[in-house]
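Numbering (the numbering used here), first residue to last: 853 to 1073. No residue lacks a Cβ here, since even glycine has one placed at the ideal position from N, Cα and C.
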Ligand code: SF4
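Okay, here's the thing in structure tokens:
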């Protein structure tokens, strides 16, 4: 049989196996923080390709995400799609998720305790998807993945997350870019940088086996 057909079959089987595991980890009865009380969809899972080497992480579901049980379905998701399309990417090449899985009331910012309570789901999904690069979009995603605060300071920087065992690239949240259009080129620039980082992985092999800690900033201990 043609090798490309075998590769495609293998990728499909791997994707299905990962989706099965991701679905198993969803806990619709989760009561670890108060956010479940008003959410329609509890413990909303991610979307996209679970075998992708690139993971994009946002803050929390909004109204549309709560209705459709998927991340980035509203205007911020549409902007993200446009930014990805500009550099030749689409959702089949990434896995998209949030640090917090239930919609906060009135879309308020999640509290640090809520981010901490929900982290176990993020850790699980990162273990399953095994991305090489995680793009943390916005302050809450930066905090949830690295423990760092101050997205303006960290935007465009690479941080090695000891907790997650992955390189995190900080960028703006697409919702922020909707309000501050001048930030859109920086979001696009960061997404492109993430794809270039993946290219380096392909060139050098798995950088997780290489001691990069001296060259990358690390997350909070
Ligand atoms: S936000 Fe996360 S931790 Fe809180 S109830 Fe929902 S799934 Fe559980």
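Along the chain, which unbroken stretches of the beta strand (DSSP E) at least 3 residues long are found entirely within the stretch 889-919?
906-910
Can you tell me whether residue 1010 is helix, strand or coil according to DSSP?
Strand.
Ordered along the chain, which non-local residues of its own chain (more than five positions away) have a Cβ less than 6 Å from that of residue 1013?
997, 998, 1020 and 1071
Helix, strand or coil for residue 949 per DSSP?
Strand at residue 949.
To the nearest angstrom, how far is it from the Cα of residue 898 to the Cα of residue 1044?
22 Å
For residue 1046 versus residue 985, is the C-beta distance shorter than 7 Å?
yes
Could you have a look at residue 989 and say whether DSSP puts it in helix, strand or coil?
DSSP places residue 989 in strand when its eight states are reduced to three.
Which word fits residue 890, buried or exposed, when buried means at least 16 other C-beta atoms lie within 10 angstroms of its C-beta?
exposed
Using DSSP's beta-bridge definition, name the partner residues of residue 1021.
987 and 1010
What would DSSP say about residue 941, mapped onto helix, strand or coil?
coil
For the ligand SF4, is there any heavy atom lying closer than 6 Å to the beta carbon of residue 1029?
no
Just to confirm, is the Cβ distance from residue 1076 to residue 946 under 7 Å?
As shown, the chain starts at 853 and ends at 1073. That puts residue 1076 outside it, with no answer to give.
Pick helix, strand or coil for residue 1042, following the three-state DSSP scheme.
helix
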